[in-house]
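The numbering of the sequence shown is the UniProt record's numbering, which starts it at 1 and goes up by one.
Cβ atoms here follow ideal geometry from the backbone N, Cα and C, with glycine treated the same way.
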Amino acid sequence: MATTLKAVKRQDHKSSTTKKLRWNGQVPGIVYGKNKENTSIALDSVALVKAVRDNGRNAIFQLAIDSEKPVQVMVHDSQMEPIKDELLHVDFYIVDMKEEMDVEVALNLTGEAPGAKTGGVLQQPLYELQVRAKPGDIPEEIAVDVSQLEIGDSIAVGDLPKSDKYEILDDPDTTVATVLAPDTLEDVEEAPSENDEPELVDAESKDK
């Protein structure tokens with residue numbers, strides 16, 4: 001069952017009022033959706049952060065605004081204060097549980113690559129995948145097993161298991177994990193080129 005978040009409508013958008021909201025532990029936000037009127041809200045910042053941490057950023061929440069009937073929403077965007085790491089604003093999108101949507105899903109490597117044990121370097125060029133799915137079918141993350149990767153091996157988007165619940169939209173040739181060979185070449189002093197000018201001898205030394 002979806003976690004319920006309680007919010008109140010926000011009528012006053014003055015900066016002084018917004019600062020007071022944040023001072024009192026509230027975060028301002030907005031709720032919108034297809035054919036839905038935008039609604040400014042405020043809700044408890046700690047409760048929201050905890051809900052997202054416990055359920056994932058693509059989770060479906062029941063948002064209860066004042067005494068209105070709760071609506072199903074997802075966190076579409078948020079703004080953080082970089083120095084204090086405080087939540088400044090949040091956007092909620094009202095979802096249609098029967099309609100597919102495009103979202104970003106975390107990509108997580110699992111297992112230990114044999115190639116990494118023998119001196120190779122495991123690299124993950126991609127940390128998120130573009131996924132299309134109905135809201136209730138969006139995975140919290142997509143795990144990729146790297147336990148078979150030797151030095152020189154790689155896994156591309158097209159190698160990932162297919163699902164009947166979601167579609168990965170990224171280019172199939174995009175690499176998601178690879179084990180690179182270690183760089184064992186030592187620096188070698190370059191031999192002088194035939195085009196190099198000869199070293200000049202100090203004139204005073206020559207006269208001697």
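Determine the DSSP secondary structure at residue i, reduced to helix, strand or coil.
i, result
"Ala47", "helix"
"Leu87", "strand"
"Val157", "helix"
"Val52", "helix"
"Thr3", "strand"
"Ala181", "coil"
"Lys165", "coil"
"Glu186", "Confidence at Glu186 is low in this model, with a pLDDT of 39, below 50, so its placement is unreliable and the value that follows should be read with caution. Looking at Glu186 - three-state DSSP - the assignment turns out to be coil, as it is neither helix nor strand."
"Ser78", "strand"
Return yes when the Cβ of residue j is within less than 8 Å of the Cβ of residue i, no when it is not.
i, j, result
"Ile30", "Val8", "no"
"Thr18", "Pro28", "yes"
"Pro125", "Val176", "yes"
"Ser154", "Ala113", "no"
"Gly56", "Asp44", "no"
"Thr131", "Thr110", "Inspection of the sequence shows that residue 131 is occupied by Val rather than by Thr. For Val131 and Thr110, no; Cβs fall outside 8 Å."
"Ala47", "Leu107", "no"
"Pro135", "Met97", "yes"
"Tyr93", "Met74", "yes"
"Asn58", "Val103", "yes"
Mind checking who residue i pairs with in its DSSP beta bridge?
i, result
"Thr39", "Val31"
Between the options, which has its C-alpha nearest residue i's C-alpha?
i, options, result
"Lys165", "Glu140, Thr175, Asp173 and Ser45", "Glu140"
"Glu100", "Ala181, Pro182, Phe61 and Leu169", "Leu169"
"Thr174", "Asp102, Leu129 and Trp23", "Leu129"
"Asp85", "Arg22, Ser15, Ala156 and Ile60", "Arg22"
"Ile142", "Ser16, Ala156 and Val105", "Val105"
"Ile138", "Ser15, Ile60 and Lys20", "Ile60"
"Ser78", "Asp54, Ile65 and Val49", "Val49"
Between residue i and residue j, what straight-line distance do the alpha-carbon atoms span, to the nearest angstrom?
i, j, result
"Thr118", "Gln72", "49 Å"
"Glu167", "Ala133", "7 Å"
"Ala2", "Gly33", "18 Å"
"Thr184", "Ile151", "Reliability fails at Thr184, whose pLDDT of 41 lies under 50, so the model's placement of it is uncertain and no value is given."
"Ala51", "Leu63", "12 Å"
"Arg10", "Ser67", "14 Å"
"Ala181", "Val90", "44 Å"
"Asn195", "Val121", "The predicted model places Asn195 with a pLDDT of 49, which falls under 50 and marks its position as unreliable; any figure quoted below should be read in that light. Whole-angstrom Cα-Cα distance: 40 Å."
"Pro161", "His76", "27 Å"
"Tyr127", "Ile83", "24 Å"
"Asp187", "Leu149", "For Asp187, the predicted model reports a pLDDT of 33, less than 50, meaning its position is unreliable and no value from the coordinates is stated."
"Asp159", "Glu37", "42 Å"
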